[in-house]
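In this note's numbering, the protein residues as written are 205 to 273. Glycine is no exception: its CB is placed at the ideal position from the N, C-alpha and C atoms. As the structure is a computational prediction, the values presented were derived from the model and not from experiment.
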């Protein structure tokens with residue numbers, strides 16, 4: 205994550221807080237409600253642990269990730 209930027213503090217910036225919450229709510233609605241209730245969607249997609257290690261970067265960073273990340 206070399207190109208990641210530290211998280212901006214949201215303290216005292218109600219517009220930034222609202223934007224973040226709207227993004228999170230949109231993801232929850234899309235992924236959990238709309239896709240999650242579709243009969244054509246899989247319940248889960250199994251990945252072997254070794255494959256997950258290649259797909260996911262689970263290293264802890266000293267700084268936060270960007271909102272996009």
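To the nearest angstrom, how far is it from the Cα of residue i to the Cα of residue j?
i           : j           : result
residue 265 : residue 219 : 26 Å
residue 270 : residue 242 : 30 Å
residue 224 : residue 255 : 31 Å
residue 267 : residue 227 : 21 Å
How close, in whole Å, do the beta carbons of residue i and residue j come, if the pair is a contact with beta carbons under 8 Å?
i           : j           : result
residue 239 : residue 245 : 5 Å
With a threshold of 7 Å (Cβ to nearest heavy atom), would residue i be considered close to the ligand ATP?
i           : result
residue 217 : For the ligand ATP, the structure offers nothing, since it holds no ligand at all.
For the candidate residues the options, whose alpha-carbon lies nearest to that of residue i?
i           : options       : result
residue 152 : 231, 260, 235 : The shown model of the chain, from 205 to 273, leaves out residue 152, and the question about it has no answer.
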